[in-house]
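Novice: The structure under discussion is supplied below as structure tokens; questions concerning it will follow.
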Amino acid sequence: MYRKLKLCSVFALVVLLSAAPGVVAQKPPFSEPPPPVETGSGIIYSTEYMEAARMLQDATVQKDENRQRQLLRKAIRGFTADLEQRSSDVYVTYNNRGVAYARLGEYELAIADYTAALEISPTSADFVKNRGLAYEQRGDLDKALADFRTFLAQIADAPGERQSEERTYFSRKIAELSSQTENAEESDDNVATVLEKGDVMPRW
């Protein structure tokens with residue numbers, strides 16, 4: 006059974022990636038994305054999608070860790086069922102399943118889903134932002150930096166409030182990650198220099 010809903014009337018749950026249990030991550034100074042842009046066309050959402058979206062939303066406010074993980078697993082199953090039923094307008098489903106995977110700390114699966122969403126909708130800034138956050142959590146800083154830079158370019162003409170808050174946050178994050186990658190490269194260069202000189206590396 007399907008319900009046809011206007012894109013602007015559905016909260017697409019393009020939510021920010023949060024850290025998995027045990028992983029500390031700084032959260033942006035905003036909690037919800039702006040509503041989806043009105044395109045004038047409708048999207049057909051399956052009942053499985055609607056239920057999965059509700060579970061994902063409930064998981065974001067759930068305090069009990071075990072219950073949160075249960076909701077996320079159920080949401081993933083629902084989004085998967087939706088993808089098995091439909092072949093169009095599935096980019097939001099891929100993104101939301103990616104969010105659920107990311108909240109569980111399953112970053113490889115999250116990145117795969119964000120990438121699938123971007124292949125369908127390459128100009129969706131939130132999708133590339135979410136993938137960048139997943140790359141960062143996985144420790145792949147070069148790819149995270151590339152996505153964050155793309156994200157900033159995509160929101161250059163966004164409404165003032167979002168542009169100001171997100172540009173400030175991610176500009177700072179880009180500077181921070183750039184510094185980390187530069188330090189890592191410098192460290193690698195130093196190690197290479199030591200090895201070239203034939204010095205003995207210390208044993209730890």
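Residue numbers (our numbering): 6 to 209. Here a beta-carbon is modelled for each residue, glycine too, at the ideal position from N, C-alpha and C.
Report the rounded CA-to-CA distance for Lys134 versus Arg72, giving the unit in angstroms.
Specialist: Those two C-alpha atoms are separated by around 27 Å.
Novice: Just to confirm the assignment: which complete alpha helix (DSSP H) runs, minimum length 4, are found wholly within the region 33 to 121?
Specialist: Qualifying alpha helix (DSSP H) stretches, in chain order: 52 to 66, 70 to 90 and 96 to 108.
Novice: Locate the alpha helix (DSSP H) running through Glu161, then write down its first and last residues.
Specialist: For the sequence presented, residue 161 should be read as Ala rather than Glu. Unbroken run through Ala161: none, as it is neither H nor E.
Novice: For Leu76 and Gln67, which I take to be in contact (beta-carbon distance under 8 Å), what is that distance rounded to the nearest angstrom?
Specialist: Indeed they touch by this definition, with Cβ atoms about 6 Å apart.
Novice: Who are the near neighbours of Gly137 in its chain, counting only those whose CB is closer than 7 Å to its CB and skipping five residues on each side?
Specialist: Only Ala149, Asp152, Phe153 and Phe156 meet the Cβ criterion.
Novice: How would you label Glu141, buried or exposed, when you count the other beta carbons within 10 angstroms and need 16 or more for buried?
Specialist: It counts as buried.
Novice: Return helix, strand or coil for Ser5, following the three-state DSSP convention.
Specialist: With the chain represented from 6 up to 209, any question about residue 5 goes unanswered, as that position is not in the structure.
Novice: Within 10 Å of its beta-carbon, does Glu53 have 16 or more other beta-carbons around it, so buried, or fewer, so exposed?
Specialist: Answer is buried; the Cβ neighbour count reaches 16.
Novice: Quick check on this structure: which residue in Arg108, Asp131 and Ala130 has the alpha carbon closest to the alpha carbon of Ala80?
Specialist: Measuring from the Cα of Ala80, the nearest candidate turns out to be Arg108.
Novice: Per DSSP, what kind of secondary structure is Thr128 in: helix, strand or coil?
Specialist: Here Thr128 sits in coil by DSSP.
Novice: For Ile49, count neighbouring C-beta atoms within 10 Å of its own C-beta (all shown protein chains included) and say buried if the count is 16 or more, exposed if not.
Specialist: Burial call: exposed.
Novice: For Thr65, tell me which candidate among Gly165, Asn101, Phe132 and Thr85 has the shortest Cα-Cα distance.
Specialist: The option with the nearest alpha carbon to Thr65 is Asn101.
Novice: Return the residue from the list Ala180, Gly144, Glu113 and Pro127 that minimises the CA-CA distance to Gln159.
Specialist: Considering only alpha carbons, the answer is Pro127.
Novice: Would Glu171 be called buried (16 or more neighbouring beta carbons within 10 Å of its own) or exposed?
Specialist: That one is buried.
Novice: Between the Cα of Leu88 and those of Arg177, Val104 and Ser51, spot the shortest distance and give me the residue it belongs to.
Specialist: It is Ser51.
Novice: Closer than 7 Å by C-beta to Asp63: which residues in its own chain qualify, once you throw out the five before and the five after it? Chain order, please.
Specialist: These residues qualify, in order along the chain: Leu76.
Novice: Going by other Cβ atoms of all chains shown within 10 Å of its Cβ, with 16 needed for buried, is Asp131 buried or exposed?
Specialist: It is buried - the Cβ of Asp131 has at least 16 other Cβ atoms within 10 Å.
Novice: Sorted by chain position, which residues of the same chain lie with C-beta nearer than 7 Å to Gln185's C-beta, five sequence neighbours on each side aside?
Specialist: Around Gln185: Leu146.
Novice: Nearest by alpha-carbon distance to Thr120: which of Glu111, Ala180 and Tyr96 is it?
Specialist: Among Glu111, Ala180 and Tyr96, the Cα nearest to that of Thr120 belongs to Tyr96.
Novice: Do you know offhand how far Tyr174's Cα is from Asp94's?
Specialist: In a straight line, the C-alpha of Tyr174 is about 30 Å away from that of Asp94.
Novice: What is the rounded straight-line gap between the Cα of Lys32 and the Cα of Asp118?
Specialist: Unreliable positioning characterises Lys32 in this predicted model, as indicated by a pLDDT of 43, which lies under 50. The coordinate reading is nonetheless provided below. Straight-line Cα distance between these residues: approximately 21 Å.
Novice: Using C-beta distances below 8 Å, list every residue in its chain close to Leu182, excluding the 5 sequence neighbours before and after it, in chain order.
Specialist: Result list for Leu182: Glu141, Leu146, Ala149, Leu150 and Phe153, in chain order.
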